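Residue numbers (the working numbering): 45 to 249. Ideal Cβ placement from N, Cα and C applies to all residues, glycine included. Note that the coordinates shown come from a computational prediction; the quantities given were computed from them, not determined experimentally.
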């Protein structure tokens, strides 16, 4: 699940390039911007929607498994398992919202000759917002850090990785760079997802 979510996040980034083929001088004219879109753009939108879907369900499944593992290893009554799960759930929800924008924009780009250019440009901009908000993963990173250093529930190296990536996520949350959370969160999920999937932590997920 964690690996799937991380791969989904990287695919979102990879598919984003064809969605914004504009020069800075184009930004005042929506019709000009839409005129630069190619027929292949709608497939880039579809690829983005697929990636959001993969990330959404991967995040929730990984969060459920992570919660189960932490409940076994953490002290009874600890808030760590639920908090870790809620962080993953937030990532899943935001990516699911992103799929909705993908559906809307696929048809808008497909029928761009009949659609208001301002609507298309605004929609493509939003396609690069909601699903990129992976800041909720900060809850998961903080929980794993506590689980590692205070409760001994996971390996300490996972705690170190969680602190480092957690600081990156915190920086995107405090600065007006919230969408950059995707660039921090996707690699983080690849690392911890692989760790749990391949048994590099103390116990299996």
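For residue i, the three-state DSSP class (helix, strand or coil)
i           : result
residue 201 : helix
residue 194 : coil
residue 83  : coil
residue 119 : coil
residue 219 : coil
residue 179 : coil
residue 240 : helix
residue 230 : helix
Neighbourhood of residue i by C-beta, 6 Å cutoff - its chain only, sequence neighbours within 5 removed
i           : result
residue 75  : 161
residue 93  : 143 and 146
residue 91  : 59
residue 170 : 145
Sub-8 Å separation of residue i and residue j beta-carbons
i           : j           : result
residue 45  : residue 131 : no
residue 129 : residue 113 : no
residue 124 : residue 195 : yes
residue 179 : residue 213 : yes
residue 172 : residue 138 : no
residue 53  : residue 99  : yes
residue 185 : residue 209 : yes
residue 127 : residue 187 : yes
Contacts around residue i, its chain only, beta-carbon distance under 7 Å, and the 5 residues preceding and following it disregarded
i           : result
residue 245 : Because the pLDDT of residue 245 is 44, which lies under 50, any placement of that residue in the model is unreliable, and the question is left without a value.
residue 204 : none
residue 153 : 81, 85, 86, 89 and 164
residue 115 : 125
residue 118 : 124, 125, 191, 195 and 197
Residue i at chain B interface by Cβ criterion, 8 Å
i          : result
residue 76 : You won't find chain B in this structure, because it holds only one protein chain.
Beta-carbon contacts of residue i that lie in its chain and below 8 Å, excluding the five residues immediately before and after
i           : result
residue 217 : 179, 182 and 225
residue 167 : 145, 148, 149 and 152
Open item on the list: To test your reading of the DSSP string, which unbroken alpha helix (DSSP H) runs of 4 or more residues are found completely within the region 46-75?
Closed with: 46-60
TODO: Go through the region 87-172 residue by residue and report every complete run of the alpha helix (DSSP H) that reaches 4 residues or more, in order.
DONE: 124-154 and 161-171
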